[in-house]
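These notes concern the structure reproduced below.
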Amino acid sequence: MQQSALPKGFNLNLIHTWRLVNQPQDYTAQLKSRYGELVSMRYRDSALVVVLSPEGARQVFTGDPEGYDPFWKVGFTGVAGPGSLWVLGGNRHRQERQLLSPAFHSQNFRGYGDIVREVARKYTQDWQPGQTLRAIDTTLAISLDVIMRLVFGVQEERLLSEGRKVLTAVYANLHPMIVFFPWLQRNWFPLWVRYDRAKAAFTKWVNRCLGERRRSSVESNGVLERMLSARYDNGAPMSDEEIRDELITILLAGHETTATALAWALYDLGSNPAELEKLRTELAPFGSDPDPEAIQKLPFLNAVCKESMRLHTLLPEVARELVSPLNLLGYNILPGNYVLVSSMAIHHDADLYPEPDKFQPDRFITRSYTPFEFLPFGGGHRRCLGAHLSDYEMRITLAEIITHWEFEPAAVEREIRHDIAMGPKNGVLLRIKEPRIGN
Ligand code: HEM
């Protein structure tokens with residue numbers, strides 16, 4: 004086997020960085036046709052090794068978790084706190100995942116479907132025929148309420164309404180500059196001051212949620228409840244600071260992502276009336292009030308969600324810092340370098356996904372894809388904690404909207420990099436047509 008420190012590549016300059024950030028689909032396709040499965044972009048003493056194939060992704064995600072540190076740890080520590088899953092590595096990360104994973108298991112959400120449907124209905128039932136709206140505004144509101152109710156365990160309207168302001172301010176003030184240039188996380192930098200202020204208000208609000216949860220005698224299986232009762236291997240509970248760091252991580256990781264995926268799914272369905280009709284046919288037996296649990300296993304609904312997340316890969320790349328050597332596709336990559344799996348390149352590989360730029364949900368029915376071929380939630384020991392919740396919420400919300408409304412895109416939408424994730428430039432403009440059954 005060939006053993007060399009780095010695969011072929013080039014020195015990273017500002018233009019390459021700009022293209023990787025702003026044109027990940029075109030740029031990684033070009034890299035793939037020129038370099039194949041692997042390319043290294045060298046910067047000073049280290050390199051970003053970009054993985055462009057499912058086999059490369061498999062080798063990264065099945066590697067020893069101890070061999071990796073999180074990407075951009077310093078930047079994320081300031082933003083989310085030292086107790087955040089995003090920045091924990093090694094044994095601490097393993098313990099934290101063990102503690103939190105049961106709360107995010109799909110079984111744990113069973114029974115919460117009525118809440119998700121109620122939230123989706125609340126934000127869509129007053130839509131007016133003829134109205135043009137930004138789908139993302141609706142889906143952001145839905146996904147925020149779902150996080151507050153299912154994860155933070157808040158049911159009381161007063162606390163919810165305060166939470167809407169406080170949580171929106173946190174995510175709205177998270178500017179990529181303060182993440183990617185951590186030396187700007189200082190009291191003289193206005194963007195940091197704004198974020199820090201929003202985070203302080205968030206901490207106060209979380210403390211109230213914790214207080215109410217501790218005083219409440221109502222049984223709950225919510226995520227916060229589980230965090231409060233969870234114990235580390237040494238028997239210690241999570242401290243309030245650790246809980247707060249995880250809650251802010253969950254908010255930043257799960258709110259906009261799920262909302263964006265939902266907005267794109269509405270766009271794709273609205274732009275492809277034949278696929279929308281197929282979905283309606285599948286949902287028809289469930290009547291005007293689709294049962295949230297019963298629809299979870301519907302094959303075409305599932306295929307629609309997957310195909311939309313493939314076509315619009317929200318997080319085009321998943322990165323790790325190496326702390327041990329990694330044998331990758333015949334190269335021995337040394338510690339101090341970074342690996343970056345390009346989910347975007349894999350999701351648009353025409354050999355895997357013929358006509359990759361088209362929305363064709365049936366491809367997920369006629370063939371099954373491995374976790375290294377379809378990877379919107381990353382993979383391995385850091386795979387997205389909220390993947391089940393996001394899938395659950397997407398299916399229920401889509402079923403609710405599809406059942407009650409006719410709609411179509413009001414404009415062609417384009418993908419741009421928002422902060423860390425990709426998103427629709429104009430938030431998906433939807434024209435609402437007539438209501439369907441039950442409205
Ligand atoms: C469509 C929606 C979502 C997408 C596309 C998405 C995608 C991702 C990706 C690509 C990662 C990095 C995985 C890796 O490094 O291998 C990640 C991590 C994470 N996500 Fe999500 N996510 C979504 C929704 C959510 C939700 C709803 C939550 C929580 C309620 C959540 C919580 C997290 C957390 C905590 C991590 C860090 C995991 C760790 O480092 O151990 N995400 N997500």
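For the sequence shown, the positions run 4 to 442 when the working numbering is used.
We treat Cβ as the ideally placed atom computed from N, Cα and C, and that holds for glycine.
Using the rule of at least 16 other Cβ atoms within 10 Å of the residue's Cβ for burial, across every protein chain shown, is residue i buried or exposed?
| i | result |
| --- | --- |
| Met4 | Residue placement at Met4 is flagged as unreliable, the pLDDT there being 42, under the threshold of 50; the coordinate-derived value follows with that caveat. It is exposed - the Cβ of Met4 has fewer than 16 other Cβ atoms within 10 Å. |
| Asn16 | exposed |
| Pro364 | buried |
| Ser87 | buried |
| Asp248 | buried |
| Pro193 | exposed |
| Gln110 | exposed |
| Lys309 | buried |
| Arg47 | exposed |
| Ala32 | buried |
| Phe183 | exposed |
| Glu222 | exposed |
| Ser311 | buried |
| Ile139 | buried |
| Gln134 | exposed |
| Val3 | The question about residue 3 has no answer here: the residues shown for the chain are numbered 4 through 442. |
| Arg217 | exposed |
| Val344 | buried |
| Glu418 | buried |
| Pro302 | exposed |
| Pro276 | exposed |
| Ile18 | exposed |
| Ala239 | exposed |
| Thr20 | exposed |
| Ala268 | buried |
| Thr284 | exposed |
| Gly333 | exposed |
Output needed for residue i: all residues of its chain with C-beta closer than 6 Å, excluding positions within five of it in sequence on either side, in chain order.
| i | result |
| --- | --- |
| Tyr270 | Pro412, Glu416, Val431 |
| Arg167 | none |
| Ala306 | Pro364, Phe367, Ile368 |
| Gly426 | Thr263 |
Could you check how far apart the C-beta atoms of residue i and residue j are, in whole angstroms? I think they sit under 8 Å.
| i | j | result |
| --- | --- | --- |
| Ile145 | Tyr174 | In fact, because the Cβ distance is near 15 Å, the residues do not count as touching under 8 Å. |
| Asn340 | Val54 | No, Asn340 and Val54 are not in contact; Cβ-Cβ is about 12 Å, not under 8 Å. |
| Val119 | Pro295 | 6 Å |
| Ala60 | Leu378 | 6 Å |
| Phe362 | Glu278 | 7 Å |
| Pro185 | Gly81 | 6 Å |
| Ala264 | Leu317 | 6 Å |
| Pro471 | Ile349 | Because the chain in this structure spans residues 4 to 442, residue 471 falls outside the shown range and cannot be described. |
| Val169 | Phe205 | 5 Å |
| Asn237 | Ala201 | Their Cβ separation, rounded to whole angstroms, is 34 Å, which puts Asn237 and Ala201 out of contact at 8 Å. |
| Ala424 | Glu259 | 7 Å |
| Arg97 | Pro68 | 7 Å |
Between the Cα of residue i and those of the options, spot the shortest distance and give me the residue it belongs to.
| i | options | result |
| --- | --- | --- |
| Ser346 | Ile18, Tyr356, Pro293, Lys207 | Tyr356 |
| Arg434 | Met151, Asp294, Asp354, Pro132 | Pro132 |
| Gly114 | Leu392, Gly238, Arg45 | Leu392 |
| Pro203 | Ala172, Gly225, Arg229 | Looking at the sequence itself, residue 203 is Ala, so the reference to Pro does not match. Ranking Ala172, Gly225, Arg229 by Cα distance to Ala203 puts Ala172 first. |
| Pro338 | Ala50, Glu40, Leu279 | Ala50 |
| Lys428 | Thr373, Ala266, Val226, Pro302 | Ala266 |
| Pro319 | Asp292, His351, Leu213 | His351 |
| Leu213 | Leu177, Gly238, Trp195, Leu162 | Leu162 |
| Gly93 | Gln134, Arg323, Pro57, Glu280 | Arg323 |
| Arg211 | Glu418, Glu159, His421, Asp360 | Glu159 |
| Gly22 | Pro438, Arg420, Arg439 | One detail in the question is off: residue 22 reads as Arg in this sequence, not Gly. When each option's Cα is compared against that of Arg22, the closest is Arg420. |
| Tyr450 | Pro68, Asn190, Asp354 | The chain is shown only over 4 to 442; residue 450 falls outside these bounds and no answer can be derived. |
| Arg45 | Val326, Asn14, Pro68 | Asn14 |
| Arg95 | Glu40, Arg385, Glu228 | Arg385 |
| Gly78 | Leu143, Glu215, Tyr198, Gln188 | Gln188 |
| Leu231 | Trp191, Phe155, Gly273, Leu282 | Phe155 |
| Thr151 | Ala233, Gly225, Asp117 | Per the sequence shown, residue 151 should be read as Met rather than Thr. When each option's Cα is compared against that of Met151, the closest is Gly225. |
Excluding the 5 residues flanking residue i on each side, which residues of the same chain have their C-beta closer than 8 Å to its C-beta?
| i | result |
| --- | --- |
| Phe112 | Leu153, His391, Leu392, Tyr395 |
| Leu388 | Leu88, Arg100, Leu103, Ser104, Phe107, Ile253, Ala256 |
| Tyr38 | Pro10, Lys11, Gly12, Leu55 |
| Ile298 | Leu286, Phe289, Leu304, Arg398, Ile399, Ala402 |
| Thr65 | Gly383 |
| Ala83 | Trp89, Val90, Asp248, Ile251, Thr252, Leu255 |
| Leu136 | Trp130, Leu432, Leu433, Ile435 |
| Phe375 | Pro57, Glu58, Ala60, Arg61, Phe64, Ile349, Gly382 |
| Glu244 | Gly84, Gly86 |
| Gln6 | Unreliable placement is indicated for Gln6, whose pLDDT of 49 sits below 50; no coordinate value is reported for it. |
Who are the Cβ neighbours of residue i in its own chain at under 7 Å, not counting the five residues just before and after it?
| i | result |
| --- | --- |
| Leu34 | Val42, Val53, Leu55 |
| Glu165 | Trp208 |
| Lys436 | Pro132, Glu409, Phe410, Glu411 |
| Leu329 | Gly66, Gly70, Ile336, Val342 |
| Thr141 | Tyr126, Thr127 |
| Tyr30 | Arg22, Leu23 |
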